[in-house]
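Student:
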Amino acid sequence: MIRTLLLAAAGSLALAACASTEADMQADAAMASGDMTPTQRGAYVEMAAASDLFEIQSSQLAQSQAQRADVRQFAQMLVQHHQQTTAQLAAAAIAAGTPPTPDLMPMQQQMMDELRGASGANFDEVYLRQQVRRLGGGS
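According to mature numbering (1 follows the signal peptide of the UniProt record, and there is no 0), the residues represented by the sequence shown are -19 to -1, 1 to 120, in order.
(1) Can you look up Gly23 in the DSSP assignment and give me helix, strand or coil?
(2) Could you please give the first and the last residue of the uninterrupted alpha helix (DSSP H) stretch that includes Gln112?
(3) Would you mind giving the Cβ-Cβ distance between Met93 and Gln38, rounded to the nearest angstrom? I have them listed as a contact below 8 Å.
(4) My guess is that Gln48 and Ala99 are in contact by the Cβ rule of under 8 Å, so how many angstroms apart are they, rounded?
(5) Assuming Glu27 and Pro81 form a contact by the criterion Cβ under 8 Å, report the distance between their Cβ atoms to the nearest whole angstrom.
(6) Between the C-alpha atoms of Thr66 and Asp33, what's the straight-line distance to the nearest angstrom?
Have a look at this one:
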């Protein structure tokens, strides 16, 4: 049962990882149109950079620690996707005069610590649960 749920979650995450939320699209549009104040732009850049950093670091860890091949493949896809979005964000932010200085936020650091403490099949479960939570699919 848990395996089926995790497989379904991984499939859903693969699709969701490539999609933007309405709020993300609105924030992107506001940033592109110049409707954000410098403070808002800086906060958005820092939040997006931290999010990408977490996805890359947690997924790189999953590539080496996950037990299941589908979880490792999912992690590889996330690393590639977030490396691309990091490059795009950095280019746009530098052009706007707001270069990112990515650091994990406290909650992201806690999640990384939890992931580093997991092993075996539990690692896969923790990683997928975190990804579902980050994409708004759970609590």
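Note that CB positions come from ideal geometry on N, CA and C, so glycine has one too.
Tutor: So, from the data block:
(1) Stepping through the sequence shown from its first residue, residue 23 is reached at position 42. In the structure shown, Gly23 sits in a helix (DSSP, three-state: H, G or I).
(2) Start at 1 with the first residue of the sequence shown, and residue 112 comes out as number 131. First-last of the alpha helix (DSSP H) with Gln112: 101 to 115.
(3) Position 112 of the sequence shown, counted from the start, is the residue given in the question as residue 93. Position 57 of the sequence shown, counted from the start, is the residue given in the question as residue 38. Their Cβ separation, rounded to whole angstroms, is 6 Å, which keeps Met93 and Gln38 in contact under 8 Å.
(4) Numbered from 1 along the sequence shown, position 67 holds the residue referred to as residue 48. Numbered from 1 along the sequence shown, position 118 holds the residue referred to as residue 99. At roughly 11 Å, the Cβ-Cβ gap does not stay under 8 Å, so Gln48 and Ala99 are not in contact.
(5) On the sequence shown, position 46 is the one that residue 27 refers to. On the sequence shown, position 100 is the one that residue 81 refers to. About 7 Å separates the two Cβ atoms, so the contact holds.
(6) One-based indexing of the sequence shown puts residue 66 at position 85. One-based indexing of the sequence shown puts residue 33 at position 52. Taking the CA atoms as reference points, Thr66 sits about 7 Å from Asp33.
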